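Contents: one structure, followed by commentary.
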Amino acid sequence: MLLDLRKMNQLIDLWLDEDVNYYDLTAKIMIDDEAIAKLGMNAREPIILSGLKLAEMVFKKMDPECTFEATKKDGELVKTGETFAVIKGNAQALLTAERVALNLMQRMCGIADLTAQYVKEIEGTGAILLDTRKTTPGLRMIEKYAVVCGGGRSHRLGLDNGIMLKDNHIAVAGSIAAAVARAKAQAPMLTKIEVEADRLDQVWEALDAGVDVIMLDNMSNDHMCKAVEIVAKRIPLECSGGVRLDTIRGKAETGVDYVSVGQITQSATCADIGLDDV
999 MLLDLRKMNQ LIDLWLDEDV NYYDLTAKIM IDDEAIAKLG MNAREPIILS
1049 GLKLAEMVFK KMDPECTFEA TKKDGELVKT GETFAVIKGN AQALLTAERV
1099 ALNLMQRMCG IADLTAQYVK EIEGTGAILL DTRKTTPGLR MIEKYAVVCG
1149 GGRSHRLGLD NGIMLKDNHI AVAGSIAAAV ARAKAQAPML TKIEVEADRL
1199 DQVWEALDAG VDVIMLDNMS NDHMCKAVEI VAKRIPLECS GGVRLDTIRG
1249 KAETGVDYVS VGQITQSATC ADIGLDDV
């Protein structure tokens, strides 16, 4: 997944404005205007990196002339105590940018780490881990990017990325067949249509309606196995609902193609990253 750097620049302005307001009073008082600092970004625990480009952009927003040299790439594992980036530039600017840069990377690395744990649990099953739209408002793009750094994939960035017909949409339309027919009549040609099914009869109906993907929502593992038999690889199947680290393996082993997990963005703990003088 790619980051839209234009959007990131806009967000960085907002994040810095929130934290700095008029100026960094402490840095202005305590540090000479021309002072130069050399700071190392280091891992205080094992982490999977995510957000290096964003951190660089934050520092360079405050000091366009600063240098940001990374020894690792996003998606790579960093050991405890390892310095993975060195920043050199105006001391006032770098210390003013420090908290925003660290906040971003700590959040993103935490998501990448948790995602990697889920991905490891389903190794060998053939299933692919997907994220959801259960993201922090304003941080969706970077959180979904972090999922990709951890080995997962993005389901959709927003509501305009695909048609997802859930129970309420189907209830309004009257049936799965009617909902799918209406969607097909008006959707852009390249748009996929996915239908949520929580019963096996709905799987049959969605398949007959010609959908592109079926989401098996909160189904038992036994029922998902039957759904896999019904569909017989004609279209992809996604498993969703109540997936946890201790249950994902069993769900993936049913034969579904995708497993979507909200917890990887909802429940991730921020990684411990420091910025120290080097």
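One gets my numbering by counting positions in the sequence shown from 1 and adding 998 to each. Every residue, glycine too, gets a C-beta built ideally from N, C-alpha and C. From a predicted model like this one, the values you see are computed outputs, not experimental measurements.
- Boundaries of the alpha helix (DSSP H) around Tyr-1143: 1138-1147.
- Under the Cβ criterion (8 Å, minimum of three pairs), the stretch 1113-1123 counts as touching the stretch 1255-1264.
- Nearest C-alpha to Thr-1123 among Thr-1133, Lys-1249 and Leu-1163: Lys-1249.
- Contact check for Ala-1053 against Leu-1102 passes: the beta carbons are separated by less than 8 Å.
- According to the DSSP assignment, Gly-1108 belongs to the alpha helix (DSSP H) that extends over 1089-1119.
- If the five residues before and after Arg-1247 are omitted, its C-beta is found closer than 8 Å to the C-beta atoms of Glu-1119, Ile-1120 and Thr-1123, all from its own chain and listed in chain order.
- Membership of Ala-1171 in the alpha helix (DSSP H) is indicated by the continuous run 1165-1171.
- By the neighbour-count criterion, in which 16 or more other beta carbons inside 10 Å mark a residue as buried, Arg-1105 falls on the buried side.
- DSSP places Arg-1247 within a helical segment (H, G or I) once states are collapsed to three.
- Nearest to Ala-1175 by alpha-carbon distance, out of Asn-1166, Gly-1208, Cys-1147 and Ile-1126, is Gly-1208.
- Secondary structure of Cys-1223 (DSSP, three-state): helix.
- In the three-state reduction of the DSSP assignment, Leu-1155 falls in the coil class.
- Of all C-beta pairs linking the stretch 1211-1225 to the stretch 1077-1090, fewer than three are shorter than 8 Å, placing the two stretches out of contact.
- The residue among Leu-1243, Met-1162, Asp-1199 and Ala-1181 with its C-alpha nearest the C-alpha of Val-1211 is Met-1162.
- The beta carbon of Ile-1029 is closer than 8 Å to those of Ala-1089, Gln-1090 and Leu-1093 in its chain, skipping five residues each way along the sequence.
- An exposed status is given to Asp-1244, since fewer than 16 other beta-carbon atoms sit within 10 Å of its beta-carbon.
- Between Val-1098 and Glu-1032, the alpha-carbon positions lie close to 22 Å from each other.
- In the DSSP assignment, Ala-1041 falls within the unbroken beta strand (DSSP E) covering 1034-1041.
- For the 8 Å CB-CB criterion, Ile-1010 and Ala-1110 do not form a contact.
- By the beta-carbon neighbour count (other beta carbons within 10 angstroms, threshold 16), Leu-1003 is exposed.
- Here Lys-1026 has Gln-1090 as same chain residues with Cβ atoms under 8 Å from its own Cβ, once five neighbours each way along the sequence are excluded.
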